[in-house]
Ligand SMILES: O=P(O)(O)O[C@H]1O[C@H](CO)[C@@H](O)[C@H]1O
Ligand SMILES: O=c1cc[nH]c(=O)[nH]1
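Residue numbers (the UniProt record's numbering): 1 to 320.
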């Protein structure tokens, strides 16, 4: 696999990444520290306009997900779960000025939306990772809380990803850099996945599995649906593809996990992907469950992650 830094540049990494005993975010960019100011344009934050260490230095968990409403709901849920003293009204969207992503800080938890698809999450991650770097945050796990299409499992099941794979079932993310394609690895942190899985063991109301997650570039043609505007394959061919995916260990399909896994891995962030499945793709293409069912499904990964956060903070007996 190609490195993202030329060999001659690897010694230019900042000392800030290597404090003994703490795992700091690695920003692999030799130019960043010499910049007079770093404007995080899509987050409406910057190193001159905001005191990032003061605002974000105490962040201990980062949770991301596609929808702004889901991430706001998660923030409000965590506010309740952590029993924080400040009022719900104080929870404001930190990125409101940029009108691209939303971000809420609830004590040590940061909840951020990333939109749909690889380009949208990638822009957010570049700025989020720099934000954590400037804030000198350490030991911060990052978890994607998503929705997905399940393969061969009951709708409403939660999948914790061990490896994100592309449309060819390969554990890689192909990043175009100028006119080169660079392959980046996409495995996720095994220990974090297991910790999240074990947190959910006692919640027996719905199944949780660990499996591979396939990340596609779109919702329709890339995911083998027959209900798109342009369809160039037969029902049999589409179903055969999904069955081959199942046989390769893939249990769900979504649209961000490969770039998420690759970028977090390269920047020293322990990452996990926890997605609920909204349908079983071996049975149907359209998401037609009632709204309240879908809302309840989306809460399932949040429940697990809240358990995980409370366990890590030593709050389980107090609040569960
Ligand atoms: O629910 P989120 O987090 O957006 O994730 C999934 O849902 C979207 C498609 O409906 C894609 O972004 C896919 O990855
Ligand atoms: O089928 C689905 C459902 C949610 N998200 C996806 O990317 N695919």
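Glycine included, C-beta positions come from ideal geometry on N, C-alpha and C.
| query | result |
| --- | --- |
| Helix, strand or coil for residue 162? Go by DSSP, reduced to three states. | strand |
| Hey, which unbroken runs of the beta strand (DSSP E) at 3 residues or more fall wholly within the region 181-245? | 208-215 |
| Which residues in the same chain have their Cβ closer than 8 Å to the Cβ of residue 238, if we skip the five residues on either side of it in sequence? | 224, 225 and 226 |
| What three-state label does DSSP hand residue 174 in the structure shown? | strand |
| Pull up the distance between the alpha-carbon of residue 115 and that of residue 101, whole angstroms please. | 7 Å |
| Who are the near neighbours of residue 279 in its chain, counting only those whose CB is closer than 7 Å to its CB and skipping five residues on each side? | 149, 150, 155 and 287 |
| Use the C-beta contact count for residue 35: other C-beta atoms within 10 angstroms, 16 or more gives buried, fewer gives exposed. | exposed |
| Assuming contact is defined by CB atoms lying nearer than 7 Å, are residue 109 and residue 168 in contact in what I supplied? | no |
| To the nearest angstrom, report how far apart residue 161 and residue 249 are at their CA atoms. | 11 Å |
| Note the first and the last residue of the continuous beta strand (DSSP E) segment covering residue 24. | Premise fails: residue 24 is in no beta strand (DSSP E) and is neither H nor E. |
| What does a CB cutoff of less than 7 Å around residue 75 pick up in its chain, not counting 5 residues either side in sequence? | 91, 104, 106 and 111 |
| State yes or no: is the C-beta of residue 65 nearer than 6 Å to some heavy atom of ligand 2? | no |
| So the candidates are 282, 293 and 313; which of them puts its Cα closest to the Cα of residue 153? | 282 |
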